[in-house]
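Trainee:
In the working numbering, the protein residues as written are 144 to 229.
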């Protein structure tokens, strides 16, 4: 199972990514290691703001691309809709 996610960064920006383990990946983004994305290294701490599952890496990558193409307002709408489901 693959996951597509948004992280909320300390500067209130959103970072999109994919992973097979949400917990591990969020920890990697928050720790000082080279596995963290360069974007999030400068914007710590980060928190998980959104996640959805995909059956395989190809579909997760496609969905990540779709999410990255959204403007800030639409990304925030995706995150808000997700928070209502929790």
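Cβ coordinates follow ideal geometry from the N, Cα and C atoms, glycine included. Please read all numbers here as calculations on a predicted model, not as lab measurements.
1) Since residue 227 is in the beta strand (DSSP E), which residue starts that stretch and which ends it?
2) Would a C-beta distance cut-off of 9 Å place residue 165 and residue 203 closer than the cut-off?
3) For residue 189 and residue 168, what's the separation of their Cα atoms in angstroms?
4) State yes or no: is the C-beta of residue 150 within less than 9 Å of the C-beta of residue 172?
5) Under DSSP, the alpha helix (DSSP H) around residue 204 begins and ends at which residues?
6) Mind checking who residue 159 pairs with in its DSSP beta bridge?
7) Is residue 175 buried or exposed, if buried means 16 or more other CB atoms sit within 10 Å of its CB?
8) Does DSSP put residue 174 in a helix, in a strand, or in coil?
9) Since I believe residue 220 is in contact with residue 206 (beta carbons under 8 Å), could you give me their beta-carbon distance rounded to a whole number of angstroms?
Mentor: So, from the listed chains and residues:
1) On the chain shown, residue 227 is found 84 positions in, with the first residue counted as 1. Annotation: residue 227 is outside any beta strand (DSSP E); the continuous alpha helix (DSSP H) that includes it extends over 215-228.
2) Residue numbering aside, residue 165 sits at position 22 when the chain shown is read from its first letter. Residue numbering aside, residue 203 sits at position 60 when the chain shown is read from its first letter. The criterion of a C-beta distance shorter than 9 Å is not satisfied by residue 165 and residue 203.
3) Walking along the chain shown from the start, residue 189 turns up at place 46. Walking along the chain shown from the start, residue 168 turns up at place 25. Spanning the alpha carbons of residue 189 and residue 168 requires a straight line of approximately 11 Å.
4) Within the chain shown, numbered from 1, the residue matching residue 150 stands at position 7. Within the chain shown, numbered from 1, the residue matching residue 172 stands at position 29. Closer than 9 Å, so yes.
5) Numbered from its first residue, the chain shown carries residue 204 at position 61. Start and end: 200-212.
6) For this step, residue 159 is matched to residue 16 along the chain shown. Per DSSP, 149.
7) Taking the first residue of the chain shown as 1, we reach residue 175 at position 32. Label assigned to residue 175: exposed.
8) By one-based count along the chain shown, residue 174 stands at place 31. In this structure, residue 174 counts as coil in the three-state DSSP scheme.
9) Sequence index remark: in the chain shown, residue 206 carries index 63 (1-based). Sequence index remark: in the chain shown, residue 220 carries index 77 (1-based). The beta carbons of residue 206 and residue 220 sit about 16 Å from each other, so the pair does not count as a contact at 8 Å.
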